[in-house]
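Down below is the structure, laid out as structure tokens.
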Amino acid sequence: MTLEENIKSKILEWDEEGLIEVCKAALEKNEANAVEILKIIAQVMEYCGELYEKEEYYVPELIVASNTVKAAIDQVLDPAIKEMGVEKETKGRVVLGTVEGDVHSIGKDLVASFLFSNGFEIYNLGVEVPAAKFIEKAEEVGAKVIGLSSLLTMSMDFQRQVIQELEKRGLRDKYIVIVGGAPTSEDWAEEIGANGWADDALEAVSLLKKLLT
Ligand code: B1M
């Protein structure tokens with residue numbers, strides 16, 4: 050069985066311990082690094098989404114699959130990514146969260162880990178974060194960047210609301226606002242007046258490095 054097949058079967062069997070073991074073994078044997086394993090996991094989550102669309106999976110199945118993945122990320126992959134980080138100097142404070150009305154956390158947490166391992170200081174506010182909370186936290190910690198994740202077409206507009214709220218408070222120019230998440234795009238970022246958009250966690254790192262120079 051290839052590593053891809055092995056990871057896929059553990060996620061689809063909701064075998065938390067099994068997935069943790071497969072990830073640990075792959076890292077130990079240098080079969081793949083944490084970033085490569087996360088890419089495989091993201092593909093399997095895509096596949097879970099397809100099963101959901103075909104009504105072969107329902108929300109409870111998605112939740113158990115997500116929890117299986119979350120355990121492996123928290124216990125094995127996140128620490129490995131953090132260890133890979135070579136840059137110790139703080140590049141800037143980033144307040145990050147999933148916008149109001151949206152509970153999807155896996156992608157946002159990956160963005161948090163990748164930014165952390167690349168020298169950013171992360172304030173991860175979690176999910177269903179209202180506009181005011183992003184802004185208040187950013188003001189409190191002296192962040193340079195606000196990062197907004199949205200996985201639902203229905204929650205995307207809350208990204209715009211954060212930007213509008215910044216404008217209302219006269220704070221828009223103080224922050225770099227980046228957005229991401231499957232239904233968003235470069236055009237969307239431009240439409241709502243964000244400073245940038247990233248397709249995935251690695252792009253989020255290069256985007257911020259570019260925006261902050
Ligand atoms: Co939901 N869900 N879900 N779900 N879910 C999607 C997103 C969906 C596409 C599934 C589908 O229909 N095919 C669909 C959204 C359709 C749409 O609106 N366009 C959907 C739906 C409809 C729903 C519910 C409404 C279902 C229901 O209740 N009827 C409901 C919404 C609840 C709510 O939020 N209020 C719901 C619930 C859930 C679960 C709770 C069961 C679970 C989430 C658990 C959790 O996160 N803790 C879940 C899951 C797991 C998914 C899928 C299957 C997988 C998401 C995921 O983790 N992907 C997803 C289908 C899919 O994605 N194909 C789906 C892996 C992750 C690594 O990728 O999150 O895309 P992703 O993050 C990437 C990039 O997007 C980017 O980088 C990340 C890493 O590379 N990125 C950023 C993300 N944020 C970024 C921020 C940045 C930059 C880049 O800068 C700030």
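Per the numbering used here, the sequence shown starts with residue 50, numbered consecutively. For every residue, glycine included, the Cβ atom is placed at its ideal position computed from N, Cα and C. Quick caveat, the model's predicted, so the values are computed rather than measured.
Notebook entry, point to check: Can you list, in chain order, the residues of its chain whose CB lies under 6 Å from that of Glu235, leaving out five sequence neighbours each side?
Noted result: Within the same chain, Glu235 has close Cβ partners Trp246.
Next item on the list: Taking all protein chains shown into account, decide if Leu261 is buried (16 or more other Cβ within 10 angstroms of its Cβ) or exposed.
Entry: exposed
Next item on the list: To the nearest angstrom, report how far apart Lys73 and Val125 are at their CA atoms.
Entry: Lys73 and Val125 have their C-alpha atoms some 7 Å from each other.
Margin query: With the cut-off set at 8 Å, would you say Ser198 and Lys157 are in Cβ contact?
Written below: yes
Check: Looking at C-alpha atoms only, which residue of Leu87, Lys59, Glu54 is the closest neighbour of Ile155?
Finding: Leu87
Item checked: Status (buried if at least 16 other CB within 10 Å, exposed otherwise) for Asn55 -> buried
Item checked: Backbone CA spacing between Leu100 and Thr51 [nearest angstrom] -> 22 Å
Margin query: Less than 6 Å between C-beta atoms, sequence neighbours within five positions excluded: which residues of the same chain meet that for Trp237?
Written below: none
Checklist line | Between the CA atoms of Asp64 and Leu111 - distance to the nearest angstrom | finding: Near 13 Å, if we compare the C-alpha coordinates of Asp64 and Leu111.
Checklist line | Length at least 4, wholly inside the region 120–196: the alpha helix (DSSP H) runs in chain order | finding: 127–133, 155–166, 180–190
Notebook entry, point to check: Given Asn244, which residues of its chain have a CB within under 7 Å of its CB, disregarding the five upstream and five downstream residues?
Noted result: Ile225, Val226, Ile227, Leu260
Next item on the list: Since I believe Ile195 is in contact with Val148 (beta carbons under 8 Å), could you give me their beta-carbon distance rounded to a whole number of angstroms?
Entry: Incorrect: roughly 11 Å between the Cβ atoms, too far for contact.
Next item on the list: Please report the residue range of the beta strand (DSSP E) in which Ala247 lies.
Entry: 245–247
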